[in-house]
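**Q**
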Amino acid sequence: MAEQEEPQITAPDTPVPGPSQTGRAVALARLLHHECARLLQLYKEKETFFSDHTPDAGRIVSLSPDTEEPSTEQQVQLLHSALRQCLGLIHCVILKEEEEWGEMEGDYETMRMNVRLRLEHLLCSTKGLVETESMILEVTPDHQCNEETDGAGGVFGLKMWTYRVLLELVHWADHAAQTLHVLYAEREGTEDV
Amino acid sequence: MTTMPRRSKPSWSPIWLTCVLVGLTAAHAHAKDVLTVPQEVSLSADMSTQQLSISWLGGAAAAFDLIILRTELNETVFYETVSVMVNQESGRHQWNWTSVEPLQCTSLSIRIRSRDGQATSDWSNTQILQGSDLPSNAKSQMYPQDKIRPVGASTTFCCIVGEGKLFGNIKYSKTAMNETRLSRRSYAVTAVNQGLSGRTGTNVICSDNTDYLLDGTVVFVGYPPLPRDLVCVTRDLTSAVCKWTEGRGTNLYRKRGTRYSLNNRYHSQQTECSVAQWEGNWTLVAVNPLGRHVLTDSAELGHRVFPVAPENLNSTVRAWNATLWWRWKYDRYSSLALVCQVELTSQGYKTKRNFSGLGLRSVFLSDLNPDEDYKVQVRCGAQQNFWSWGSWSEPLSFKTNTYVPDSLDVWMWMNKDHTGQVIWKPLTRRQSHGPIRGYEVTEENQQPKLYPPDTFSVPINLTKIATAGGDNKVTATVIVKNDAGVSQPASVHIPLRLTDVEPHSVSRAVYTGRGFPLYWQRDDNATCAYVVEWYESFCRWDCTVGWIKVAAGNTNVSVESADFLPGVRYNISLYSSTSEAPELLQRWQGYMQELVPSVSVTLSTTQQDSDILLTWGEIPLVNRRGFLLGYNIYVSRGSQLMLLADWLILEILASLGITAVFLVIVTFVCYKKRKCLVHMVERPEWDSSKEALVVIPEEDEDEDGQGFGDEPADTDEPASLRYYNHVVDERPIRPRFPDSSASSASSLDSARTDVTYTGIQTSGSSLVFLQDSEGHQPQADLSFCGGGGGGGGGRGGGGGGYRPQMQSRALSDDTGLASPEPFFEPEAASAGGYKPQSSWHLDSPVEAEESVGLVPSLGSPTSVASTQFLLPDGDERRQPSSSAATWFSNLLSSTKP
Chain V
31 MAEQEEPQIT APDTPVPGPS QTGRAVALAR LLHHECARLL QLYKEKETFF SDHTPDAGRI
91 VSLSPDTEEP STEQQVQLLH SALRQCLGLI HCVILKEEEE WGEMEGDYET MRMNVRLRLE
151 HLLCSTKGLV ETESMILEVT PDHQCNEETD GAGGVFGLKM WTYRVLLELV HWADHAAQTL
211 HVLYAEREGT EDV
Chain Z
66 MTTMPRRSKP SWSPIWLTCV LVGLTAAHAH AKDVLTVPQE VSLSADMSTQ QLSISWLGGA
126 AAAFDLIILR TELNETVFYE TVSVMVNQES GRHQWNWTSV EPLQCTSLSI RIRSRDGQAT
186 SDWSNTQILQ GSDLPSNAKS QMYPQDKIRP VGASTTFCCI VGEGKLFGNI KYSKTAMNET
246 RLSRRSYAVT AVNQGLSGRT GTNVICSDNT DYLLDGTVVF VGYPPLPRDL VCVTRDLTSA
306 VCKWTEGRGT NLYRKRGTRY SLNNRYHSQQ TECSVAQWEG NWTLVAVNPL GRHVLTDSAE
366 LGHRVFPVAP ENLNSTVRAW NATLWWRWKY DRYSSLALVC QVELTSQGYK TKRNFSGLGL
426 RSVFLSDLNP DEDYKVQVRC GAQQNFWSWG SWSEPLSFKT NTYVPDSLDV WMWMNKDHTG
486 QVIWKPLTRR QSHGPIRGYE VTEENQQPKL YPPDTFSVPI NLTKIATAGG DNKVTATVIV
546 KNDAGVSQPA SVHIPLRLTD VEPHSVSRAV YTGRGFPLYW QRDDNATCAY VVEWYESFCR
606 WDCTVGWIKV AAGNTNVSVE SADFLPGVRY NISLYSSTSE APELLQRWQG YMQELVPSVS
666 VTLSTTQQDS DILLTWGEIP LVNRRGFLLG YNIYVSRGSQ LMLLADWLIL EILASLGITA
726 VFLVIVTFVC YKKRKCLVHM VERPEWDSSK EALVVIPEED EDEDGQGFGD EPADTDEPAS
786 LRYYNHVVDE RPIRPRFPDS SASSASSLDS ARTDVTYTGI QTSGSSLVFL QDSEGHQPQA
846 DLSFCGGGGG GGGGRGGGGG GYRPQMQSRA LSDDTGLASP EPFFEPEAAS AGGYKPQSSW
906 HLDSPVEAEE SVGLVPSLGS PTSVASTQFL LPDGDERRQP SSSAATWFSN LLSSTKP
């Protein structure tokens with residue numbers, strides 16, 4: 031499978047407000063989803079045993095909306111919170127993996143860094159979309175990275191946990207693309223991004 | 066002790082019987098004491114090493130039976146008698162057992178009994194080491210976790226399937242392994258001869274019967290450390306820096322990676338360690354989970370100086386030299402005897418120069434070239450007890466100053482009308498010493514004239530001076546300027562007088578692959594240097610000249626030039642170089658490579674009764690592309706070619722005075738079929754439109770299978786001719802059928818005559834030959850010095866004047882060597898260094914007689930054909946007018962039936 035051309039990633043900054051900002055956020059979320067899926071694929075290729083494995087454990091990142099029927103903006107705010115946790119998780123994955131085997135420079139490690147930067151960028155985008163005076167959104171990682179990984183804490187447990195994190199990233203990136211698309215449809219009055 | 070049965074005398078004495086009974090009783094009592102059932106059996110497990118330590122109170126016994134079983138399946142894992150001495154301090158026996166399987170895999174039951182020979186005690190109580198497969202631990206598990214193993218080892222893994230799950234398989238990486246059941250929930254596999262794992266380890270995965278992942282583990286397979294090359298050096302003359310290499314990679318990283326300690330104090334995961342004070346003796350211990358390795362080093366400080374890089378490298382630059390200086394980071398260097406190496410890079414080439422001195426801080430670089438870019442780097446080492454070169458300094462670039470240019474190499478070319486050129490060789494970058502700003506040329510007694518930098522020749526006109534008489538020469542002086550000044554003047558003496566004198570002979574120069582090697586006689590009276598000059602022979606006017614100057618006393622030189630071209634004849638002249646005008650001493654001609662002539666000869670015929678007069682023109686020199694050795698003439702009849710002319714046996718009349726056209730009278734002898742006369746009757750007119758000369762390129766080999774051996778012409782060739790061809794040339798004679806596109810005559814069913822150049826000399830010959838009738842007369846007087854004028858073919862020289870061609874001859878393109886080219890036969894030329902290339906011999910009477918005629922030759926590169934019906938008139942047949950014709954006639958007559 032040929033490697034797809036990846037856009038240049040730059041440091042996250044505050045998106046320029048404007049009518050197309052939502053559209054750009056949707057595109058960014060879709061790109062993130064694609065990259066997360068690719069990252070998972072690379073990890074499966076590296077650690078072959080996960081090829082078709084679906085862990086029993088539930089979501090690592092979960093949301094508890096304050097209201098039963100949150101508005102789209104509120105959903106995006108929740109999404110932002112979930113993405114912060116995802117950013118914390120990918121930070122933690124990088125930290126633990128480098129602690130275990132040192133810095134490596136394979137395709138997986140490159141994509142892992144791409145995902146981290148893209149996620150930071152998306153957080154800046156969602157912050158710009160739904161932040162209000164009463165709802166200040168942070169873009170820093172929301173994870174302390176001090177919890178034990180799965181299993182007995184061995185290397186295999188780390189691998190299992192990493193796999194779960196990657197699945198989580200795919201899930202939330204997909205969720206972000208969908209949620210932001212709804213917001214886009216509401217704000218722009220069109221489904222097409 | 067054993068009892069002995071009584072047999073013959075049952076009446077034992079009471080004392081004896083008593084002793085026996087007491088002894089037996091004592092022995093029995095002792096046995097009871099030794100074979101005490103082991104008590105207080107205790108177990109201690111080390112899960113990481115899979116070692117089980119068993120201890121017990123065993124009384125005085127020294128041998129015990131140990132049995133270890135898998136508790137659930139009651140399978141024996143170990144059952145042996147072991148000798149274990151009691152520990153005097155604890156009073157307990159202890160024995161260690163290492164399990165193949167991880168101790169967590171399943172519960173183990175251990176029992177011990179004492180043994181004395183065949184006697185054993187009862188078994189001890191069973192002690193159980195509980196595994197992780199107890200029902201209370203219901204989850205799936207895999208053991209061992211994160212094991213680190215050496216390459217080639219074998220490792221047993223076990224999977225405890227979760228309660229309610231069914232075992233499926235265990236895969237080592239991607240390989241499904243054969244399992245052994247250890248208990249209701251525990252299964253084991255063994256990976257043997259393990260290879261290196263990946264950086265993140267090898268995964269061992271346990272799946273259930275639906276291939277769902279139950280649990281897994283990771284094993285890291287690598288090597289124990291094996292560092293190499295421990296060496297400690299000092300850079301500041303106080304402290305030490307010890308370095309080593311990892312050696313063979315361990316394949317283990319980070320927390321599993323190798324840790325080093327130096328002299329048991331300095332710890333590092335890197336392969337370098339700094340120590341504040343020099344210690345002299347060093348011990349490096351490398352440790353990783355698979356083993357350790359020790360390296361040592363020992364040296365005095367003064368023997369391990371590895372200087373730091375010179376700092377602040379700077380320079381003072383001049384034209385031919387420069388001074389470099391630098392600073393040292395440490396003051397202690399000032400008292401250190403140093404040897405320093407300067408690497409000098411210029412024009413892409415690197416050179417190194419060494420300097421030495423106490424605390425060396427500057428060096429003088431001599432022998433540089435002006436106006437040249439240099440890059441330098443410096444490194445140093447201790448002069449005494451040199452250990453190693455230190456670090457290179459940062460590179461420093463500089464450019465040397467300009468300097469006045471070198472003197473020019475000047476020569477000249479003179480035409481026959483006293484015009485010409487003063488020429489000089491462009492200065493190389495190394496000679497110009499800076500950008501050239503221009504040239505200043507001064508003719509004798511004239512005002513200097515300035516010329517721009519891209520000038521390399523200037524015209525001169527000495528017509529008035531030459532006609533005015535007076536001195537024999539004019540001196541031209543050239544200087545070159547750059548920003549630094551002007552060069553020393555370079556002069557050339559230009560002869561004013563023309564003479565018609567040429568050298569005695571013109572030799573052939575043979576190209577040897579690199580150049581034309583030339584040799585000449587040493588003139589003991591001559592103290593002058595020489596100039597060897599060359600130019601293309603067919604050039605007449607303002608020719609491009611190459612030259613080299615040869616120091617006095619030399620008698621040979623190799624003329625080399627990248628401008629030499631194949632197929633071009635060069636005149637090469639040797640001049641004396643004195644304070645007078647140059648004197649032509651000797652001349653050569655040669656080709657870098659001889660080629661087939663590029664044009665055909667123009668052939669015409671005239672019928673004179675039964676004789677045919679063949680006439681063809683001279684080939685221009687530029688088209689010869691090699692030394693012509695002669696012509697072959699073939700008669701074509703239909704599809705057959707017959708060679709008539711090896712053939713100086715036929716009379717060849719050359720026009721000697723007016724034209725350079727050869728006149729050949731062919732007396733055709735119909736030696737095979739007299740009926741060939743019929744054709745002439747049918748078509749007596751000469752069709753001049755069918756005259757044609759066709760070039761047939763020389764063939765070296767019959768590569769395409771169309772060799773002349775198959776040609777009918779050969780088959781019709783008289784036996785005598787075939788023999789003659791054979792003896793004069795080892796190569797097959799290959800008269801060619803001219804291509805139909807080149808000669809319409811080739812398709813005519815009529816007799817035809819081909820005239821073919823022969824014997825192209827391809828290399829390796831140098832034949833001294835006489836000047837031909839076009840002015841290449843022997844030089845009348847070689848005693849003059851300063852004549853010649855250095856000119857080419859048209860210039861002539863001698864006596865201070867020119868030596869042009871003899872004006873009595875009609876102008877020809879070939880003033881160097883007009884065709885036919887007369888030359889001595891090879892044997893005569895051997896004294897002059899000539900080695901004929903072919904093995905031909907001049908063995909015909911005509912050839913012997915015509916030493917200045919055509920050299921007979923075969924193997925034609927060129928064929929010319931004309932179509933003509935031949936009508937020999939038997940009654941009025943002319944007799945051959947020369948001995949050659951007679952010889953040939955006799956030859957043919959001898960072949961007649």
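Residue numbers (this note's numbering), protein chains in the order written: chain V, 31 to 223; chain Z, 66 to 962. The beta-carbon is built from N, C-alpha and C at its ideal position, and this holds for glycine as well.
#1: Within 10 angstroms of its Cβ, does A207 of chain V collect 16 or more other Cβ (buried), or is it exposed?
#2: Would you please verify whether the beta carbon of V226 of chain Z is less than 8 Å from any beta carbon of chain V?
#3: Could you pull the start and end residues of the beta strand (DSSP E) that K212 of chain Z belongs to?
#4: Could you name the residues of the stretch 258-281 of chain Z whose beta carbon sits closer than 9 Å to any beta carbon of chain V, in the order they occur along the chain?
#5: Per DSSP, V284 of chain Z forms a beta bridge with which residues?
#6: Quick one: grab the DSSP three-state call for V257 of chain Z.
#7: If you draw a straight line from the alpha carbon of L149 of chain V to that of M190 of chain V, how long is it in whole angstroms?
#8: Of all the alpha helix (DSSP H) runs that stay within the bounds of the stretch 669-704 of chain Z, which reach a length of 4 or more residues?
#9: Residues of chain Z with a CB under 8 Å from the CB of K83 of chain V: which are they?
#10: If we ignore side chains and look at the alpha-carbon of each, how far apart do A304 of chain Z and V370 of chain Z end up?
#11: Should Q192 of chain Z be flagged as near chain V, meaning a C-beta pair shorter than 8 Å?
#12: I need the boundaries of the beta strand (DSSP E) containing E968 of chain Z, first residue and last residue.
#13: In the DSSP assignment, find the beta strand (DSSP E) that holds V545 of chain Z and state where it starts and stops.
#14: Which residues of chain Z have a Cβ atom closer than 8 Å to the Cβ of W131 of chain V, listed in chain order?
#15: At which residues does the alpha helix (DSSP H) containing N526 of chain Z begin and terminate?
#16: According to DSSP, Y584 of chain Z sits in a beta bridge with which residue or residues?
#17: Closest by CA to T240 of chain Z, which one among Z:A125, Z:V254, Z:R250 and Z:S248?
#18: What residues from chain V crowd round D211 of chain Z, counting only those whose CB sits closer than 7 Å?
#19: Identify the continuous beta strand (DSSP E) that holds M479 of chain Z and give its terminal residues.
#20: Is G424 of chain Z helix, strand or coil by DSSP?
#21: Does any C-beta atom of chain Z lie closer than 8 Å to the C-beta of M143 of chain V?
#22: Between L168 of chain Z and M112 of chain Z, which are expected to be in contact by the criterion C-beta below 8 Å, what is the C-beta distance as a whole number of angstroms?
#23: In this structure, what does DSSP give as the bridge partners for G550 of chain Z?
#24: Kindly indicate which residue of V:E163, V:E75, V:L125 and V:T156 has the alpha-carbon position closest to the one of Q107 of chain V.
#25: What's the gap between the Cα of L70 of chain V and the Cα of S107 of chain Z?
#26: Do you know how far the Cα of C593 of chain Z is from the Cα of P648 of chain Z?
#27: Measure the Cβ-Cβ separation of T667 of chain Z and L679 of chain Z and say whether it is below 8 Å.
#28: Do you know whose CA, among Z:I213, Z:I677 and Z:R690, lies nearest S663 of chain Z's CA?
#29: Count the C-beta pairs between the stretch 422-429 of chain Z and the stretch 472-491 of chain Z that are closer than 8 Å, then say yes if the count reaches three, no if not.
#30: Quick check on this structure: which residue in Z:P524, Z:S626 and Z:S400 has the alpha carbon closest to the alpha carbon of R579 of chain Z?
#31: Return the residues of the stretch 235-253 of chain Z that lie within a Cβ-Cβ distance of less than 9 Å from chain V, sorted by chain order.
#32: Please state the DSSP three-state secondary structure of N243 of chain Z.
#33: Which chain V residues are close to V443 of chain Z, counting only those with a beta carbon under 7 Å from its beta carbon?
#34: Less than 6 Å between C-beta atoms, sequence neighbours within five positions excluded: which residues of the same chain meet that for C224 of chain Z?
#35: Assuming the contact rule is C-beta atoms closer than 8 Å, A541 of chain Z and I525 of chain Z should be a hit. Round their C-beta distance to whole Å, please.
#36: Can you have a look at T171 of chain Z and say buried or exposed, based on whether 16 or more other CB atoms are within 10 angstroms of its CB?
**A** Working from what's here:
#1: buried
#2: no
#3: K212 to P215
#4: G263, R264, T265, G266, N268, V269, I270, S272, D276, Y277, L278, D280 and G281
#5: Z:K212 and Z:T267
#6: coil
#7: 22 Å
#8: 686-689
#9: In the sequence as displayed, the identity of residue 83 of chain V is His instead of Lys. The contacting residues are Y277 and L278.
#10: In the sequence under discussion, the amino acid at residue 304 of chain Z is Ser, which differs from the Ala named in the question. Going from the Cα of S304 of chain Z to the Cα of V370 of chain Z covers about 11 Å.
#11: no
#12: Given that chain Z is displayed from residue 66 to residue 962, the structure contains no residue 968 of chain Z and the question cannot be resolved.
#13: K538 to N547
#14: R264, T265, Y318 and R319
#15: Note, N526 of chain Z: premise wrong, no alpha helix (DSSP H); beta strand (DSSP E) at S522 to N526.
#16: Z:N621
#17: Z:V254
#18: G184 and V185
#19: V475 to M479
#20: coil
#21: no
#22: 6 Å
#23: Z:N547
#24: V:T156
#25: 50 Å
#26: Reading off the sequence, residue 648 of chain Z comes out as Glu, not Pro. Their backbone Cα atoms lie some 10 Å apart in a straight line.
#27: no
#28: Z:R690
#29: no
#30: Z:S626
#31: K236, S238 and K239
#32: coil
#33: Near V443 of chain Z there are no residues of chain V at all, since even the closest Cβ is about 36 Å away, more than 7 Å.
#34: M207, I235, Y252 and C271
#35: 7 Å
#36: buried
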